[in-house]
Every structure is written in C-alpha cells, then in structure tokens.
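Using the numbering used here, you'd call the opening residue of the sequence shown number 628 and step up by one each time.
Glycine is no exception: its CB is placed at the ideal position from the N, C-alpha and C atoms.
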Amino acid sequence: MKTLARELEAYINAIGKLALISIADRSGKILHANEKFCEISGYSKEELIGQDHRILNSGYHSKTFFVDMWSTIAKGQIWHKEICNRNKNGKLYWVDSTIVPLKNERGLIDRYLSVRVDITERKQQALQMDKKLKESNCLHLIRQDLATQSNLEIILNHMVRHIIGAIHKPKFVATRIELLDTVATSENYTDTLNNGISTKIFIDEKACGQLQLFSLKRDFFDLTKVQDFIETIAYELGKWHERKEAEDRILKMATHDALTQLPNRHLLQDRLEQALALDNRLHSKMAVLFIDLDHFKTINDTEGHEVGDKLLKETANRLLQCIRQEDTVARQGGDEFIVVLNQIKAPLDAGFVAQKILNALIQPFFIQNKALYIGCSIGISIFPEDGKNASVLLKHSDIAMYHAKESGRNNFKFFTQELNISACKQQILKKELYDALHQSQLALYFQPVFSMPNYELKCLEVLLRWNHPDKKLVMPQQFICLAEDAGMIIPIGEWVIEAACKQLKAWQEYGIDIPQIAINLSAKQFKDDSLIKKISEVLAETGISGQQIALEITESILIDDFGIVEKTLKQLKAMGIKLSIDDFGTGYSNFSYLKRFQIDTLKIDRSFVRDISTNSSDLAIITAMVAMAKNLGIDIIAEGVETQDQLELLRQSGCYQFQGYFFCEPLPVNNLEQFLENRISQLSKKIVRMN
C-alpha cells in the first residue's frame, strides 16, 4: 500500500508540473490551486483561494459559452474546451481545460476538479496562421468558389489548394489532393485521420457533417495551426449548403408540380426539346401520350379535394411504373398528364405503353377506405410523322385524346390527319358559336305539351336553335357538346332563361295564355354557383312567377352529389319553380330521389315510346312508370309521340299528357302563335276520337 501511495504521489506531482490544477466548490469558489496554476495565472494561492474563476475572465468568450459549461458539469458530465484567460498582469493565455464533477458519499456533486494545460504558444501560432490566411486572398477565393460552384468536390479541392497556396510556396499548389469517401477513410486512412483536424458543419443550426483536413505527408505542415480557419470554412460551407438547398427548392418549384412532384409543363417543354434534338440526330422515333383522367372531376367534387389530391399523386406513381427510366411523365395541369417515350422503334411501342397505362389506371384506387375508379383516355402523336416540334406534337396528341374520349373513354387513339381536319372544323365552329351568342343568331323554338282528351295546352318546352349564316338551321345536338367544351354553356344557358322569360312576359301582355314554360338545364348549369341568383334576377326583371317555370334536368344530375343537389333544388322550390326529370328511365334508375327531392314531373324517354307498338316490353315498362308516378303524386309526360297508334297505347297505359311531332313540331314564336290559335281544329283532323 505504501508503494502504491508513493507511486500515486509521484504521478500527481508529475501532472502538477505540466498541468494547472484547481478544485472549486459548487458555487465556483476556488478551494485549491497548484503551483503551476499560480505560475501561469500570476496569482498567489492566498489571492486565489476564496475567489471564483471569473477573476481570470478575459472577456474573449460569450455568456453562452459559460452557460454551456455550467449546464454540462451541473448534470455530472465532464466538460472539455479551450479557454482564453487573462493573468494578473493583464496578459492573455490559453488553456486546454477539462472540468470533472466530484461527488460526496451521498452521490451529490459538491466540488469540481479542473485540469488545464497551457496551449498559449500553439494557440498564438494558430491565430497568427489564421490571421495570415484571412489577410491573404485565400478566404476570398474560397468564398468565390462557394458563390459560383455547385459541385462540392470541386469546392473542397479548390479550398485545400487555396489554403496550401497561402501557407507554402506556390510550387506546393500543384500537390495532389484526394477527396476520400467513407469506405476509403475507414479502411485505409484511419491513422492519418487521427492525426488530422476536423470541425462540424452546421446546416440550419444542426450538425450535419464534418470537414476533415489531413496530410498523407506528416511533416507537410502543422494542421493544428489552421484549426480556426478550418472552422471558418466549415461555417461558410454550411451556409453554402443552406443556400444551395434553397436554390434547389426554388428551382424545383419552378420546374416541378407541387402536388405530384412530376415535371411541370415548363420542364416538360425542355425535356421534349432535348428528346427531339436527340431523336432527330439519331433518326429515331419518339411518342407523346396525352392522358386525360376519366371521371376524376366527379370524384373530386363528391369526395373532396383532399381525396382528389391523393388520387392524382397515386396516379402519378402508377404512371411512373409504366415507363422506362429514360422516359418522362409530366403533369400538364388539372387531371391531364403527358408521357414522352424516347427512341421507340415503331408506333406500336407507344400503343403497348398506352395499353399498359390503361390497365394500371382501371384498377381501383383505395383512398380513405374507399375503392375509387377512374380510367383514362389517351391520345398519341409520333415524331416525326405527326409533327417535328414540341407544340405540334402536344397539340396533335391532345386532338387524338379527345377522339379517344368521344369514342367511349378508357381507350387510346393515334393522331391522324382526318382527326386534325375535324379538330380544325371544331375550332372554327367554336368561334362561330361565340359570334352566334353575341350576334343574335341563337333562337328559341317551342314545342307544346298537351293533355288529353281536351287538347289542353299544359306547357311549352323551350328548345334552342342556331340560325347559322351558312349552314342555315343548326340543331342543338350539333353544338351543345361544343358549347360545353368551349366553356360557353353557362352564358348560352343564361341567355335561354332570360329570353324565354321575356317571351313568356310578352305573351302575357298580348293576352296569350301560356300556363308554363319548361327550360332544359345541363349538368354544368345546374352546378353553377350563379344559377339561383340569375333566375331570381330574371324573375324579378320580367315579373314572371316561379310557378310558371319548370326546369328539366336528367337523372344523372340528381345522383352526382346529394348535398349540393338537395340545397339547389330546395332554393328552386322556394321560388315556386317546378322540377321535371327529362329522359326518364334511361339514367341510373335510383328511384329514391323521386321521394327525396319532391319531383313534380317525369318525362318518359322517346326510346320507350318509339317501339311501343311492336315491343310489348316497352309498353310494360311505360305502364309501370305511369302507375308508379300516379302513386307518388307525380305528373307524367310521354315525349316523342309521332303516331296515333303510339298515342292510343299510351292512353291505355294511363298516360294523358303528350309531346311530339304527332301534335306539333318545335316552332319559332310566330309559327307557334298561329298554331295555338288554330290548334283545336288542326288536332281534331289528326286525332280519331275514341268512343
């Protein structure tokens, strides 16, 4: 034991000759200081005992530096840092300081042991080197690289060359510099790394890496002398990385769709131009696929935008799985996507990918515990046959896509010149339709609805015609879809409502008794937020009662979104407006809406009436419809009546309100007025009275 004690005493004395040792209480007051401490600080033991270490404070370090120190040792953890102190004569000195918390018998911290090593000479050399580096052009050159370079490897390589060039003669600037990856450093350079220096790189105040500098040639220069400078460079690197990440984010925002992260139309244009240049040089083919999702809008409206967004993201993922790595999928906007297939051998290759996409998107999408179904329509254009620049290829694939949609959806079509001619005609027709609305070329026609047996006029259905300057009279089935596609269905529909109500008012003023007019509404009109406001304004302006107006809608509108439909119908009913279901029996056959929405009239579709004389099934269906309507207290009208046989069979089935060419074709105002004046005598000649 005595031998061990002597060895321990010798060990402590040896340390004491090299290190500054002190012991302080919990408040920081010095309880003990060794000779080396007194020698370096310039204070005697008597002057130090009872003082705290603030007597040595140089003012070099921030308050947070000491807050961190006290926070660490108060937790019982060892603290180690370099500290700049001031001695009794006011001279600065540096110590490598380690503070160890000491615990008493109860395990509580009651003292702190400080062991310091004088590093003033080394630190002064490092500071001089740091000053030399900063005064040189080195830091400026490094910052210049950080401002202009985007390649980290180039930046680091230049950085080391600049540092070496500032410290040594220019000939050393050509010295080989290696940037080591993780495997190389861990397997081959462990010893060298231990002899080097490193400092943490902070990005957004988080330590995200280390900058390490070492020399394979040990006597090349003292790396410890540039520690502070390397810390400055690490700080600059962190800021460079933050700036680069911000620039990358901004660039991605400019070139990628925020929702799906796919290339947007701007990046698509760039990719198309690059692909065209390559395919043109290699004399190879390229395909552009224009994809439009089927039924997406319905899902987006009924399930909400959150579900719609998830559906678009999942669609993007499925599209990416259908193409090669060298191909491109981009979001054109809304529910439209573009696929660019590079260097294909034949158009059939594009057809194969299109079918692959159709198969992928027809599968159900499971979102929020619901199975959703969409599908898509795809148009394909081929370079160079269908166009030699990006805009033409996109335009032609768009034309082909619309043809695919018109052909029944969930299929693909290749572009042809015939399609192009048809599309050009459609564009011309759209322009002419716009002119028609603003140049009074649209006209109202009216077709009466009669009740039997007294030929009583019950209603006039309002029908639209286009007096085209060249094509004479254009029927609605030739331009209504065009109006919807051109975004003109709302203004045209508003014109019809206003013109019909004004005509009804004019008839009232002339003493012509028209009980009611029936106006057709498209799905887009019905969903339009301004519908109620527009009808209210027209009724107020014309003085027409809502009870004299019936609105005809199809069954499909009613099942689209019950909440919105119910709200709109209640507002219409509150104005006294009657509600009629057009083409009844051809829709979704969900008869629960008849009760829920208080429907006033059902119109039996002409497809049932047409073959009633030869098809017993049609007669049975009509008889059932009539019976159901009567039980629900709903009026029923048979439309498309063209023969007396049809009329008599309909009367036998219990139907007593009719519309069709047998009674009167749709007529313009003047002809209608003349017909109504003579209707009894005209109809009497056509109808064989039943006994």
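Extent of the continuous beta strand (DSSP E) run through residue i
i       : result
Tyr687  : That residue, Tyr687, is in no beta strand (DSSP E); it is neither H nor E in DSSP.
Met913  : 912-920
Phe1290 : Looking at the DSSP string, Phe1290 is not in any beta strand (DSSP E), and its letter there is neither H nor E.
Ser724  : 719-730
Cys711  : 706-713
Gln1301 : First-last for Gln1301: 1296-1304, but that is the alpha helix (DSSP H), not the beta strand (DSSP E).
Gln1074 : 1069-1078
Leu1206 : 1205-1211
9 Å Cβ cutoff met for residue i and residue j
i       : j       : result
Gln1068 : Asn1094 : yes
Leu1090 : Phe1073 : yes
Phe923  : Ala1027 : no
Ile1117 : Asp1155 : yes
Leu1087 : Arg1306 : no
Lys1040 : Ile1005 : yes
Ser1008 : Phe1042 : yes
Ser668  : Asn712  : yes
Ala651  : Asn661  : no
Ala1017 : Leu903  : yes
Lys1257 : Ile1263 : yes
Leu1071 : Gln1130 : yes
Tyr1288 : Val1268 : yes
Leu1277 : Phe1285 : yes
Pro1075 : Phe1290 : yes
Trp721  : Asp745  : yes
Met1202 : Ile1261 : no
Asp930  : Lys997  : It should be pointed out that residue 930 corresponds to Glu in this sequence rather than to Asp. Against a cut-off of 9 Å, the Cβ pair of Lys997 and Glu930 comes out as a contact.
Glu1300 : Ile1159 : no
Reference residue i, options the options, closest by Cα
i       : options                            : result
Asn1297 : Tyr1220, Glu1164, Trp1134, Tyr1288 : Trp1134
Ile1180 : Lys1015, Glu709, Ile1231, Val1165  : Ile1231
Ser736  : Ile989, Tyr670, Ser654             : Correcting the residue identity first, residue 736 is Ile in this sequence and not Ser. Answer by Cα proximity: Ser654.
Ile984  : Gln995, Cys949, Ser1018, Leu975    : Cys949
Glu1321 : Thr699, Gln982, Ala943             : Because the chain spans 628 through 1318 in this model, residue 1321 falls outside it and cannot be assessed.
Val915  : Glu930, Gly1212, Ala981            : Ala981
Lys1056 : Phe1077, Ala1031, Lys1015, Leu1109 : Here residue 1056 is Leu; the residue named in the question, Lys, does not match the sequence. Of the listed residues, the one whose Cα sits closest to Leu1056 is Leu1109.
His932  : Leu947, Gly961, Lys912             : Gly961
Met913  : Leu905, Leu920, Met696             : Leu905
Leu1303 : Ser1024, Cys665, Met1102, Ile1141  : Ile1141
Nonlocal neighbours in the same chain, by C-beta distance under 8 Å from residue i, ignoring five residues either side
i       : result
Leu895  : Thr955, Ala957, Gln959, Ile965, Val967
Ala1177 : Cys1086, Gln1143, Ile1144, Ala1145, Ile1146, Ile1204, Lys1205, Leu1206, Ser1207, Asp1227, Thr1228
Leu1064 : Met1115, Pro1118, Ile1119, Trp1122
Pro890  : Thr882, His883, Asp884, Arg898, Thr955, Val956, Ala957, Arg958
Leu1196 : Leu1206, Phe1224, Gln1225
Ile642  : Ile648, Val742
Phe1106 : Leu1056, Leu1060, Trp1093
Glu709  : Trp721, Val722, Asp723, Ser724, Ile746, Lys750
Neighbourhood of residue i by C-beta distance below 6 Å, restricted to the same chain and skipping five residues each side
i       : result
Phe992  : Leu938, Glu941, Leu999
Val1192 : Leu1185
Gly935  : Asn927
Ala987  : Arg945, Cys949
Asn815  : Here the model assigns Asn815 a pLDDT of 46, short of 50, so the residue's position is not dependable, and the following value carries that caveat. Same-chain partners within the cutoff: there are none.
Cys1128 : Val1165, Thr1169, Ile1171
Own chain, CB closer than 7 Å to residue i, minus 5 neighbours either side, in chain order
i       : result
Pro797  : Reliability fails at Pro797, whose pLDDT of 44 lies under 50, so the model's placement of it is uncertain and no value is given.
Ser1078 : Lys1085, Tyr1283, Gln1284
Lys1151 : Glu1111, Ile1116, Ile1117
Leu886  : Asp936, Leu939, Lys940
Residue range of the alpha helix (DSSP H) that includes residue i
i       : result
Ser1234 : 1233-1237
Leu1021 : 1017-1033
Asp1245 : 1243-1259
Ala943  : 932-948
Three-state class that DSSP yields for residue i in the structure shown
i       : result
Tyr1220 : helix
Gln959  : strand
Asp1156 : coil
Cys1086 : strand
Leu675  : helix
Asn1147 : strand
Ser1008 : strand
Glu1266 : strand
Arg743  : strand
Tyr816  : Unreliable positioning characterises Tyr816 in this predicted model, as indicated by a pLDDT of 46, which lies under 50. The coordinate reading is nonetheless provided below. Looking at Tyr816 - three-state DSSP - the assignment turns out to be coil, as it is neither helix nor strand.
Ser668  : helix
Thr1043 : coil
Phe923  : helix
Asn1094 : strand
Contact test: residue i Cβ vs the ligand ZN heavy atom, cutoff 8 Å
i       : result
Ile1119 : This structure lacks the ligand ZN; in fact it carries no ligand of any kind.
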